[in-house]
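What follows is a set of notes on a single structure, which appears directly below.
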Amino acid sequence: MFKYGKRVLLLIYAALIIVPLTMVVFTSFKSTQNFYHNPIGIPEPFIVDNYVAMFERANMFTYFKNSVIVTASTIIIVLILASMISYCIMRLKGWKGNLLYSFFILGMMLPAQVNMIPLYGIVSKLGLTNSRIGLILVSSTAFLSVAVYIIGGYMKTLSHEMIEASSIDGASEWQIYTRIALPLSAPAMATAAIFVFVMVWNDLLYPLLFITDNALKTMPLALLDFQGEYLTNYPMIFAGVLIASIPVVIAYLFLQKYFVAGMTAGATKG
Amino acid sequence: MARVLLEKIRKNYGDFEAVKGIDLEIHDGEFVVLVGPSGCGKSTTLRMIAGLEEISGGSLYIGDRLVNDVPPKDRDIAMVFQNYALYPHMNVWENMAFGLKLRKLPKEEIEKRINEAAKILGLENQLTKKPGQLSGGQRQRVALGRAIVREPKVFLMDEPLSNLDAKLRVQMRTEISKLSQRLGVTVVYVTHDQTEAMTMGDRIVVMKDGIIQQVGTPEEVYHSPDNLFVAGFIGSPAMNFIKGKIAKNASGVFFVAEPGIKLELTEKQAETMVNKGFADKEIILGVRPEFFTVKPADNKINAVLDVVENMGSEYYVYFSNLANQDIVARLQFEKTPHTGEKLELGVVMERVHFFDPATEKVIR
Ligand SMILES: Nc1ncnc2c1ncn2[C@@H]1O[C@H](COP(=O)(O)OP(=O)(O)O)[C@@H](O)[C@H]1O
Ligand SMILES: [Mg+2]
Chain L
78 MFKYGKRVLL LIYAALIIVP LTMVVFTSFK STQNFYHNPI GIPEPFIVDN YVAMFERANM
138 FTYFKNSVIV TASTIIIVLI LASMISYCIM RLKGWKGNLL YSFFILGMML PAQVNMIPLY
198 GIVSKLGLTN SRIGLILVSS TAFLSVAVYI IGGYMKTLSH EMIEASSIDG ASEWQIYTRI
258 ALPLSAPAMA TAAIFVFVMV WNDLLYPLLF ITDNALKTMP LALLDFQGEY LTNYPMIFAG
318 VLIASIPVVI AYLFLQKYFV AGMTAGATKG
Chain S
584 MARVLLEKIR KNYGDFEAVK GIDLEIHDGE FVVLVGPSGC GKSTTLRMIA GLEEISGGSL
644 YIGDRLVNDV PPKDRDIAMV FQNYALYPHM NVWENMAFGL KLRKLPKEEI EKRINEAAKI
704 LGLENQLTKK PGQLSGGQRQ RVALGRAIVR EPKVFLMDEP LSNLDAKLRV QMRTEISKLS
764 QRLGVTVVYV THDQTEAMTM GDRIVVMKDG IIQQVGTPEE VYHSPDNLFV AGFIGSPAMN
824 FIKGKIAKNA SGVFFVAEPG IKLELTEKQA ETMVNKGFAD KEIILGVRPE FFTVKPADNK
884 INAVLDVVEN MGSEYYVYFS NLANQDIVAR LQFEKTPHTG EKLELGVVME RVHFFDPATE
944 KVIR
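Just so you know, the sequences run in chain order L and S. First residue of the first sequence: 78, per the numbering used here; consecutive thereafter. First residue of the second sequence: 584, per the numbering used here; consecutive thereafter.
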């Protein structure tokens, strides 16, 4: 009885995800008229014009490139900084490491909307609005805490004696970091990378806040342009959404195990 | 190889003093065992020698060099940890090579040292395996190998055998002893197990509450303990302590205790007791289980057997009627005795110890 109940629940849940997703896929192959006449059904006629238009008229390549640059740079910066901070958290004796760790976790608790206005003030004073560097720096700081939470939580579980053994073996702090702590934290690093990737890739808030120049827009921001004041071109938007989600889907498929590991990071060992 | 000298070494954790000013000289090539109950400061002492723990006070010399402020890697030591502390992402060869590569030794030299160590430790066929693929005993050997290839002046070991099962522990015990003799290296070895201390150490350092209780060879520590703690800690089954009094009368000097225990002291003991003013004073008598006898000529104690443990070559016998006193004796019988049997128990008075109940120090 309970078994069937669970299955029914799972089926409903699956439907909740699959049905809208199917609609998005179908719509992206429809013409606008077809969509407004028959929003739910199968595309009639089946056209790829939306995708073609995406690249021909809408500079999709530019947006895609911008997204890649911003996301990749952010991931690199975040991983370097977060792993170093995590190393400090692990190596600091007594309460100091925990204090540092808590400080970064605190950063995770603040919603981005809270400091939108002061953040905008700082970035514009630095003259970094409408620049990729500005967006990368802001994204890096915004997502650093999550990465520290994941990587730091993991490094804290590394054997203390092993670190001591390596320092007796003659390793400097830098060598312990690069040769012991980093390679052993690879799973946590991968998890953090995926988290940051998904968040930055899909992020709308910061690009919206700092980028107005069309040539610098990222994908989520560019998609916003298809949402007109009077008429929204849904087939185009959905085609864009699908293109934008391809990298995320690929990442999920290949790195699923790290993603799951990341969800439970910190759950083991206090 | 080098001597290690500790002068008034102290360690404070906040207000808590874990090591309370210890003096110890460890000679070149000596195997010294720090032993004591859990929490007595053995690991802390060892870690201060290693440089993993800051020294709160006193001076530490390795060779002739003051090393208080020298980082671990420059102290020319190697350490073997309780949990092996191997690098899980490196194979056995890389684990051993790690320290040598960092010190920029030539390739051929690294190769040579690792091959030698692998041969000594029987790890030749394991060199490409990761630690996760090895058994506990093999991992411990790799940890030893990693220390050996470094060719350090001093080996430090913190309870290296306590994660192994009993049989392997005994085997590794002899292996480590042999290895240290073969390499002629100075070893400081920490354990809470007095058997390990007795069987491995050239000298034993008995610690309690951050203070050294006694330093000596296994024989000295066993047969002439300086105080009650050492007497009770070293030896298994433990030494028996009987509270009583020294009584002097015309026929001699006696140790008397309830119920009806009366033992005549040897001439030398009698003289010491009287000279040190213990006549008619409270005293604690210490007798090792093996210094009881059956069918004695004199100095008899009437005892009733309580529990008898057959150890094969001998019996551990516990007595019930010696009120308030837990007495165990190691005795030999022709046929297995039974609970409730009456027995005349003798004491080898030449081998007993007397302790002052006030200071807990031995009287001699
Ligand atoms: N980092 C620390 N902070 C506070 N107290 C400690 C610390 N390390 C050890 N101690 C205390 O110091 C004492 C000695 O510890 P240790 O040297 O590890 O004992 P053991 O003889 O069992 O190896 C213990 O009471 C322990 O609780
Ligand atoms: Mg210890």
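From the three backbone atoms N, C-alpha and C, an ideal C-beta is built for every residue, glycine too.
Check: Applying the criterion that 16 or more other CB atoms from any shown protein chain within 10 Å of the CB defines a buried residue, is Ala344 of chain L buried or exposed?
Finding: Reading the first sequence from its first residue, position 267 is the one you call residue 344 of chain L. Because Ala344 of chain L carries a pLDDT of 43, less than 50, the predicted location of this residue cannot be relied on, and no value is offered for it.
Margin query: When you compare the CB positions of Thr774 of chain S and Val887 of chain S, do they come within less than 9 angstroms of one another, or not?
Written below: As a position in the second sequence, residue 774 of chain S is number 191, starting the count at 1. As a position in the second sequence, residue 887 of chain S is number 304, starting the count at 1. No. Outside cutoff.
Check: Sorry if obvious, but does the Cβ on Glu734 of chain S come closer than 8 angstroms to a heavy atom of ligand 2?
Finding: One-based indexing of the second sequence puts residue 734 of chain S at position 151. It does not: the Cβ of Glu734 of chain S is nowhere closer than 8 angstroms to a heavy atom of ligand 2.
Next item on the list: Mind listing the chain L neighbours of Asn823 of chain S? Cutoff is C-beta to C-beta under 8 angstroms, in chain order.
Entry: Taking the first residue of the second sequence as 1, we reach residue 823 of chain S at position 240. What Asn823 of chain S touches in chain L: nothing, since even the nearest Cβ is about 39 angstroms away.
Check: So is the beta-carbon of Tyr596 of chain S under 8 angstroms away from any non-hydrogen atom of ligand 1?
Finding: For this step, residue 596 of chain S is matched to residue 13 along the second sequence. Flag set: Cβ of Tyr596 of chain S near ligand 1.
Margin query: For a test of the three-state rule: what should DSSP assign to His936 of chain S, helix, strand or coil?
Written below: By one-based count along the second sequence, residue 936 of chain S stands at place 353. Three-state DSSP puts His936 of chain S in a strand.
Check: Three-state secondary structure (DSSP) at Leu235 of chain L?
Finding: Locating residue 235 of chain L in the first sequence gives position 158, counting from the first residue. DSSP places Leu235 of chain L in coil when its eight states are reduced to three.
Note to self: Quick check: is any heavy atom of ligand 1 less than 8 angstroms from the C-beta of Ser745 of chain S?
What the structure shows: For this step, residue 745 of chain S is matched to residue 162 along the second sequence. Because no heavy atom of ligand 1 lies under 8 angstroms away, the Cβ of Ser745 of chain S does not count as near it: no.
Notebook entry, point to check: First and last residue of the alpha helix (DSSP H) that includes Gly184 of chain L?
Noted result: On the first sequence, residue 184 of chain L is found 107 positions in, with the first residue counted as 1. Where Gly184 of chain L is concerned, the enclosing alpha helix (DSSP H) stretches over 172-186.
Next item on the list: Under the assumption that Tyr140 of chain L contacts Thr289 of chain L (Cβ atoms under 8 angstroms), give the Cβ distance between them as a whole number of angstroms.
Entry: If you number the first sequence from 1, residue 140 of chain L lands on position 63. If you number the first sequence from 1, residue 289 of chain L lands on position 212. About 14 angstroms; that fails the 8 angstroms criterion.
Margin query: Within 9 angstroms of any Cβ in chain S, is that where the Cβ of Asp246 of chain L sits?
Written below: Here residue 246 of chain L refers to the residue found at position 169 of the first sequence. Chain S contact via Cβ: present.
Next item on the list: Kindly identify the DSSP beta-bridge partner or partners of Lys826 of chain S.
Entry: For the purposes of this step, residue 826 of chain S is taken as residue 243 along the second sequence, with counting starting at 1. DSSP, once it has assigned bridges, lists S:Ile867 as partnering Lys826 of chain S.
Notebook entry, point to check: The alpha helix (DSSP H) with Tyr113 of chain L in it runs from where to where?
Noted result: Start at 1 with the first residue of the first sequence, and residue 113 of chain L comes out as number 36. Here the alpha helix (DSSP H) through Tyr113 of chain L covers 109-114.
Notebook entry, point to check: If we call anything under 9 angstroms between Cβ atoms a contact, is Leu537 of chain S one with Met662 of chain S?
Noted result: Any question about residue 537 of chain S goes unanswered here, given that chain S covers just 584 to 947.
Check: Whose C-beta lies closer than 8 angstroms to the C-beta of Met276 of chain L among residues of the same chain, with five residues either side of it excluded?
Finding: Residue numbering aside, residue 276 of chain L sits at position 199 when the first sequence is read from its first letter. Excluding residues within five positions, the ones whose Cβ falls inside 8 angstroms are Phe220, Val223.
Next item on the list: Closer than 9 angstroms by beta-carbon distance: list the chain L residues that pair up with Arg686 of chain S, in chain order.
Entry: The residue you call residue 686 of chain S lines up with position 103 of the second sequence. Residues of chain L whose Cβ lies closer than 9 angstroms to the Cβ of Arg686 of chain S are, in chain order, Asp246, Gly247.
Check: At least one CB of chain L closer than 9 angstroms to the CB of Arg648 of chain S: is that the case?
Finding: The sequence position of residue 648 of chain S within the second sequence is 65, counting from 1. Output row for Arg648 of chain S: interface = no.
Check: Alpha carbon to alpha carbon, what distance is there between His921 of chain S and Asp909 of chain S?
Finding: Taking the second sequence and counting its residues from 1, one reaches residue 909 of chain S at position 326. Taking the second sequence and counting its residues from 1, one reaches residue 921 of chain S at position 338. Each residue's alpha carbon lies about 18 angstroms from the other.
Note to self: Shorter than 8 angstroms, the distance from the beta carbon of Asp741 of chain S to the closest heavy atom of ligand 2, or not?
What the structure shows: Translated into the one-based positions of the second sequence, residue 741 of chain S becomes position 158. Yes, since a heavy atom of ligand 2 falls inside the 8 angstroms radius drawn around the Cβ of Asp741 of chain S.
Check: Which residues, in order along the segment 252-286 of chain L, keep a beta-carbon less than 7 angstroms from a beta-carbon of chain S?
Finding: Gln252, Ile257, Pro260, Leu261
Next item on the list: Leaving aside the five residues before and after Arg729 of chain S along the sequence, list all residues of the same chain whose C-beta is less than 6 angstroms from its C-beta, in chain order.
Entry: For the purposes of this step, residue 729 of chain S is taken as the residue at position 146 of the second sequence. Excluding sequence neighbours, Arg729 of chain S sits near Asn678, Met679.
Checklist line | Neighbour list for Met781 of chain S in chain L, Cβ cutoff strictly below 9 angstroms | finding: By 1-based counting over the second sequence, the position of residue 781 of chain S is 198. Chain L residues near Met781 of chain S: none, gap ~27 angstroms exceeds 9 angstroms.
Checklist line | heavy atom of ligand 2 below 8 angstroms from Ser626 of chain S C-beta | finding: Position 43 of the second sequence, counting from 1, holds the residue named residue 626 of chain S. The answer is yes for Ser626 of chain S.
Notebook entry, point to check: With burial defined as no fewer than 16 other Cβ atoms inside 10 Å of the residue's Cβ, what is the status of Lys591 of chain S: buried or exposed?
Noted result: Working through the second sequence from its first residue, we reach residue 591 of chain S at position 8. Label assigned to Lys591 of chain S: exposed.
Notebook entry, point to check: Would Met239 of chain L count as contacting chain S if we go by Cβ distances under 9 angstroms?
Noted result: Here the question's residue 239 of chain L lines up with position 162 in the first sequence. Closer than 9 angstroms: yes.
Checklist line | Integer Cβ distance of Ile787 of chain S from Val804 of chain S, believed to fall under 8 angstroms | finding: Position 204 of the second sequence, counted from the first residue, corresponds to residue 787 of chain S. Position 221 of the second sequence, counted from the first residue, corresponds to residue 804 of chain S. Ile787 of chain S to Val804 of chain S, Cβ: 5 angstroms. Contact.
Check: So is Ala328 of chain L in contact with chain S if we call contact Cβ pairs under 9 angstroms?
Finding: Taking the first sequence and counting its residues from 1, the one referred to as residue 328 of chain L is at position 251. By this cut-off, Ala328 of chain L is not an interface position.
Notebook entry, point to check: In its own chain, which residues sit with a C-beta less than 6 angstroms from the C-beta of Tyr596 of chain S, not counting the 5 before and 5 after it?
Noted result: Within the second sequence, the letter at position 13 stands for residue 596 of chain S. Cβ within range, chain order: n/a, list empty.
Margin query: For Ala242 of chain L, would you say it is in contact with chain S, using Cβ-to-Cβ distances shorter than 9 angstroms as the test?
Written below: If you number the first sequence from 1, residue 242 of chain L lands on position 165. Put simply, the CB of Ala242 of chain L is near chain S, with a gap under 9 angstroms to one of its CB atoms.
Checklist line | Proximity test, Cβ basis, 9 angstroms: Ser236 of chain L and chain S | finding: Numbered from its first residue, the first sequence carries residue 236 of chain L at position 159. It does; some Cβ of chain S falls within 9 angstroms.
Note to self: Taking 8 angstroms as the cut-off, is the beta-carbon of Val836 of chain S closer than that to any non-hydrogen atom of ligand 2?
What the structure shows: Position 253 of the second sequence, counted from the first residue, corresponds to residue 836 of chain S. Not so, every heavy atom of ligand 2 lies at least 8 angstroms from the Cβ.
Checklist line | Strand pairing of Met790 of chain S, partner residues [DSSP] | finding: Sequence index remark: in the second sequence, residue 790 of chain S carries index 207 (1-based). DSSP lists S:Ile795 as partners of Met790 of chain S.
Next item on the list: Return helix, strand or coil for Lys702 of chain S, following the three-state DSSP convention.
Entry: As a working mapping, residue 702 of chain S is identified with position 119 in the second sequence. Three-state DSSP puts Lys702 of chain S in a helix.
Checklist line | Euclidean distance between Cα positions of Ser236 of chain L and Ala668 of chain S | finding: As a position in the first sequence, residue 236 of chain L is number 159, starting the count at 1. As a position in the second sequence, residue 668 of chain S is number 85, starting the count at 1. Taking the straight line joining both Cα atoms gives about 7 angstroms.
Checklist line | Nearest-angstrom beta carbon gap, Leu747 of chain S and Gln716 of chain S [assumed within contact, 8 angstroms] | finding: To locate residue 716 of chain S, count along the second sequence from 1; it is residue 133. To locate residue 747 of chain S, count along the second sequence from 1; it is residue 164. Contact flag wrong, Cβ pair sits at about 18 angstroms.
Checklist line | Cβ separation of Ile795 of chain S and Thr855 of chain S, assumed to be a contact under 8 angstroms, to the nearest whole Å | finding: One-based indexing of the second sequence puts residue 795 of chain S at position 212. One-based indexing of the second sequence puts residue 855 of chain S at position 272. That pair is no contact at about 25 angstroms.
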